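According to the working numbering, numbering within the sequence shown proceeds without interruption in unit steps and concludes at 275. Every residue, glycine too, gets a C-beta built ideally from N, C-alpha and C. Note that the structure is a prediction, hence the values are computed from the model and not measured. What follows is a single structure, written as structure tokens, with notes after it.
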Amino acid sequence: MPLQTGVTRPISLFLTTALVATPLTGCALLDLARDCEGTDAQVEEMAALDILDSRPDGATVARGFEEVDAGCWADSGDVVVYADRTYAFPGTRAEVAAHYRTVALQHGWSPDPEALPDDLCFAREAMSLQIVFLTAERLAEDGHGSRPDLTTGAGYSISIDSYVNSGIAAGC
104 MPLQTGVTRP
114 ISLFLTTALV
124 ATPLTGCALL
134 DLARDCEGTD
144 AQVEEMAALD
154 ILDSRPDGAT
164 VARGFEEVDA
174 GCWADSGDVV
184 VYADRTYAFP
194 GTRAEVAAHY
204 RTVALQHGWS
214 PDPEALPDDL
224 CFAREAMSLQ
234 IVFLTAERLA
244 EDGHGSRPDL
254 TTGAGYSISI
264 DSYVNSGIAA
274 GC
């Protein structure tokens, strides 16, 4: 009994397309499959970095942010390990900036040459360190609502990121 050409033609076209496309997309599919498996030790190391506990005199750990927020996220083949700490500081942004410009250098961080002059962004090995001042808008975007303790004075967050096995250089 002969095969019906109406059925075999679409199947044949599908199989041919799959066979041709597989070598072209194989690497891309493997990249998309990357995830955070096996990054626990890196997350722990990053969360333990001393600079996360360094802060200007008078700065306090912000309420609700008592622990270092550390973890891993994966998106479109990029795997990033991170650690963040959030502080409330009654002083000025200039005082926070002066503190971290000094402390970062003491801890082996270098100013990121790609960063804008006012950015507090540093690099060390395959990691980037960034100080971000908090605003009511930024807190609302992150789901933290109204936090006058973080939007008066110089509430800020110190963040360290590192791309895992991607060859992407550290930077802000």
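Output needed for L232: all residues of its chain with C-beta closer than 6 Å, excluding positions within five of it in sequence on either side, in chain order. Closer than 6 Å at the Cβ level, and outside the excluded window around L232, lie W212, F225, I263.
Residue environment, R250, which counts as buried when at least 16 other CB atoms sit within 10 Å: With 16 or more Cβ atoms within 10 Å of its Cβ, R250 is classed as buried.
To which residues of the same chain is V206 closer than 7 Å at the C-beta, ignoring the five residues directly before and after it? Taking V206 as the centre and dropping the five residues before and after it, the same chain places the C-beta of I154, S157 closer than 7 Å to its C-beta, in chain order.
Where does A197 land, buried or exposed, given buried means 16+ other C-beta within 10 angstroms? Here A197 is exposed: its Cβ has fewer than 16 other Cβ atoms, across all protein chains shown, within 10 Å.
Among A229, D215, M230, which residue has its Cα nearest to the Cα of L223? Scanning A229, D215, M230 for the CA closest to the CA of L223 turns up D215.
Note the first and the last residue of the continuous alpha helix (DSSP H) segment covering V206. Going by DSSP, V206 is part of the alpha helix (DSSP H) stretching over 196-209.
Hey, how far is the Cα of G258 from the Cα of T195? Computed Cα separation, rounded: 9 Å.
In angstroms, rounded to a whole number, what distance separates the CA positions of A165 and A191? A165 and A191 have their C-alpha atoms some 5 Å from each other.
Pick from A150, N268, C175, R188 that is closest to G167, judged by C-alpha positions: Ranking the options by Cα distance to G167, first place goes to R188.
In the DSSP output, what is T189 paired with across the bridge? Residue pairing for T189: DSSP places it in a beta bridge opposite S260.
What span of residues does the alpha helix (DSSP H) with A177 cover, start to end? Taken as a continuous stretch (DSSP letters only), A177 belongs to no alpha helix (DSSP H), being part of the beta strand (DSSP E) at 172-178.
By Cβ distance, which residues of its chain are closer than 6 Å to C275, with the 5 residues on each side in sequence left out? Answer for C275: D215, A218, C224, S231, Q233, listed in chain order.
Same chain, Cβ closer than 7 Å to T163, five either side skipped, listed in chain order: Once the five neighbours on either side are set aside, the close Cβ partners of T163 are Y190, A191.
Thinking just about the alpha-carbon of each residue, which of A200, R241, V267, L208 is nearest to the one in D160? Ranking the options by Cα distance to D160, first place goes to A200.
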